[in-house]
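**Student:** My structure is below; once you've seen it, I'll send some questions.
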Amino acid sequence: MHYSALSLVKHALTGNRGWTRAWRNPEPKKRYDVIIIGGGGHGLATAYYLARLHGITNVAVLEKGYIGGGNTGRNTTIVRSNYMLNANSQFYEHSMKLWEGLSRELNYNVMFSQRGIINLFHNDPQRDAFARRGNAMRLNGVDAVMHDLDGVRKLLPHLDFSKNTRFPVTGGLAQPRGGTARHDAVAWGYARGADRLGVDIIQRCEVTGIKRDGDKVLGVETSRGFIGAGQVGVAVAGNTSRVFDMVGMKLPIESHVLQAYVTEAIKPLVDTVCTFGAGHFYISQSDKGGLVFGGDLDGYNTYAQRGNLPTFNHVVAGGVTMMPCLARLRILRQWGGVVDMSMDGTPIISKTSIDNLYINGGWCYGGFKATPGSGWVFAHTIAHDKAHKLNRDFKLERFREGSLIDEKGAGAIPNAH
Ligand SMILES: Cc1cc2nc3c(=O)[nH]c(=O)nc-3n(C[C@H](O)[C@H](O)[C@H](O)COP(=O)(O)OP(=O)(O)OC[C@H]3O[C@@H](n4cnc5c(N)ncnc54)[C@H](O)[C@@H]3O)c2cc1C
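With this note's numbering as the guide, the letters of the sequence shown map in order to residues 3 to 419.
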């Protein structure tokens, strides 16, 4: 709906009573052609593309809390496609292209800001590894720029460039088309788009069991009763192992908490995304002025969405090493999300050994940037019961076959997020 400035004032003065819902609040039907478990960005994008591109509209997204309340609303919003291995590079670049048209596609401003991303390096071997990755990116048609020390100084004048620091900066590999997006808006935009195409988005509906007849899924048990389904797609991020436990399937995934932090708002200081792999730290500045930053995982398995102080100390120490002026800022908020770490750092978007049950998970530190691409290929996989060529290597069997996609620095370590 379009609101004029005058009507916005009127709504504000009358307690916003005239505002209509952006998406419906339907009661679950008895049966759907497709059920997507998980109302994060990936689940909502999948439902949107099922309806928009494949004409499958008898679809429900079941969310145990509220949409976007999982990692979609907890991440640090970095978007990039700076991968080296072909499977990753092509998938994430496809996602990047979808990001570039997403606000228009959804008619919803997802505030995609291509302010660039730079990964700092500190020594010659690291520079060579980054040059190799940058060259591979360019061969795959992805933008990549190597910066020497002067180049980094121009981009980020507030870093500590002294030679006697623990990890002296010597340059960086940048992707100018990388950047950030507004995470909630991505969930809301896909939700509104999917709803308008007929998808039922059902919040406060927890899946508690998966009903099967042999190797075929019949539907899901939920906190609101049984709902039948022709096909079931699971996109629950940190809870992937828990949901697959319902069908007795053990996954090559570990769940860990990942923390993030935001400082008080200040004038523009950092106008690109910067990662400091040596100190396990990365940072960007939100449009409100807060510095948003994070680092490494808390090093134990958990489903608790909160972090622990030693990790916070470690992350902040990395940040102050990289940019000493950060020490003068107050931290406003800290939060945590449960991430599902796959054993090679690469996601799983795949059919499973159970007919009509599909998995989308293993996003490690970095699934937000994949949201459009992940929904796009997962919808294709469900609609055709077959992987798209962009996700055929992200199959579950790769862990049994040994065909891992292990990108080390770019995939799983906070080189980038
Ligand atoms: C602190 C932090 C920082 C991050 N930073 C970045 C970053 O900068 N860039 C980046 O690309 N990625 C980042 N990530 C990773 C990214 O947030 C995730 O990979 C991505 O958001 C996953 O989206 P999703 O839709 O799969 O999961 P989610 O948004 O978590 O959605 C899954 C949903 O499933 C629901 N659910 C779970 N179990 C059930 C059930 N049984 N029944 C019904 N619903 C269920 C949950 O409530 C949840 O809403 C970060 C993650 C964290 C925690």
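Even for Gly, the Cβ is constructed at its ideal location relative to N, Cα and C.
Would you mind sorting S355 into buried or exposed? The rule is 16 or more other CB atoms within 10 Å of its CB.
**Tutor:** S355 should be labelled exposed.
**Student:** Between G41 and ligand 1, is the CB less than 7 angstroms from at least one heavy atom?
**Tutor:** Yes - ligand 1 has a heavy atom lying nearer than 7 angstroms to the Cβ of G41.
**Student:** Between the Cα of T348 and the Cα atoms of G17, W337, S91, P326, which residue gives the shortest distance?
**Tutor:** The shortest Cα separation from T348 among G17, W337, S91, P326 belongs to S91.
**Student:** So what does DSSP say about L108, is it helix, strand or coil?
**Tutor:** Note: L108 maps to helix in three-state DSSP.
**Student:** Measuring CB to CB, does G363 end up less than 8 angstroms from D346?
**Tutor:** No.
**Student:** Taking K410 as the reference, which of T274, L104, R135, A319 has the closest Cα?
**Tutor:** Nearest of T274, L104, R135, A319 to K410, Cα basis: R135.
**Student:** Under DSSP, the beta strand (DSSP E) around I268 begins and ends at which residues?
**Tutor:** That residue, I268, is in no beta strand (DSSP E); it is neither H nor E in DSSP.
**Student:** Looking at the secondary structure, which residues open and close the alpha helix (DSSP H) in which H382 lies?
**Tutor:** That run of the alpha helix (DSSP H) goes 373 to 386.
**Student:** Quick one: grab the DSSP three-state call for T59.
**Tutor:** T59: coil per DSSP, three-state reduction.
**Student:** Going along the chain, which unbroken runs of the beta strand (DSSP E) with 3 or more residues stay wholly within the stretch 268 to 354?
**Tutor:** The stretch 268 to 354 contains these whole beta strand (DSSP E) runs: 275 to 278, 283 to 287, 292 to 303, 333 to 344, 350 to 353.
**Student:** Are G281 and A189 closer than 8 angstroms when you measure CB to CB?
**Tutor:** Contact flag unset, no.
**Student:** Please name the residue in A329, G291, Y263, L328 whose C-alpha comes closest to that of R308.
**Tutor:** Out of A329, G291, Y263, L328, Y263 has the C-alpha closest to the C-alpha of R308.
**Student:** Using the C-alpha atoms, what's the distance from D126 back to G71?
**Tutor:** If I take the Cα positions, the gap works out to 42 angstroms.
**Student:** Return yes when the C-beta of N84 is under 7 angstroms from any heavy atom of ligand 1, and no when it is not.
**Tutor:** No; taking the cut-off as 7 angstroms, the Cβ of N84 has no heavy atom of ligand 1 nearer than that.
**Student:** Assuming G173 and F123 form a contact by the criterion Cβ under 8 angstroms, report the distance between their Cβ atoms to the nearest whole angstrom.
**Tutor:** Indeed, because the Cβ distance is near 5 angstroms, the residues count as touching under 8 angstroms.
**Student:** Pick out whichever of K66, L64, A49, E65 has its Cα sitting closest to the Cα of I58.
**Tutor:** If we check each option's Cα against that of I58, A49 comes out closest.
**Student:** Give me the Cα-Cα distance between G211 and V222, rounded to the nearest whole angstrom.
**Tutor:** Between G211 and V222, the C-alpha separation is close to 6 angstroms.
**Student:** Using a Cβ distance threshold of 8 angstroms, determine whether the stretch 232 to 241 contacts the stretch 271 to 280, with at least three qualifying pairs required.
**Tutor:** Segments in contact, no.
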